[in-house]
Amino acid sequence: MSMDVTKGPTRVYIDPARCIANGKCTTVAPGVYVIDEETGVAVISHPDEATMEQLWAGARACPTQAIIIEQFGRRVYPTILAPMFGTTNDEERDEA
Ligand code: SF4
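According to the numbering used here, the sequence shown is numbered sequentially starting from 9.
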């Protein structure tokens, strides 16, 4: 299990602070995304076998933008990452 998987130029990772564990990703990509019982947030199970289609499906299904996709080091999904309560301007600038 992993919070972070890289396939070629594409990196998919889960921001645990954004995950509300509602299981949308696990519904559209069962066996790829699972809710970790210890941490209570989504993780990528079997990252080596997960296809990009499954990883993207989970990202699109996530209502809190917790699953983030980068290609060649630049975020491509979600294109606009809504700020979260409690983040400072400095943190937002660092993510840009
Ligand atoms: S859809 Fe998003 S918020 Fe819901 S469990 Fe998956 S990563 Fe967490």
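C-beta: ideal position from N, C-alpha, C; glycine also. Here the structure is a predicted model, which is why all the values come from computation and not from measurement.
Asked	Found
Got a sec: does the ligand SF4 put a non-hydrogen atom nearer than 7 angstroms to the Cβ of Y41?	yes
Please determine, among G94, A58, E46, R83, the residue with the shortest C-alpha to C-alpha distance to G39.	A58
Enumerate in chain order the residues of its own chain whose CB-to-CB distance from F80 is below 7 angstroms, with the five nearest sequence positions on each side excluded.	P17
Give a yes or no on contact between the segment 21-35 and the segment 62-78, applying the rule of three or more CB pairs nearer than 8 angstroms.	yes
Let me check you understand the geometry: is the CB of V49 closer than 7 angstroms to at least one non-hydrogen atom of the ligand SF4?	yes
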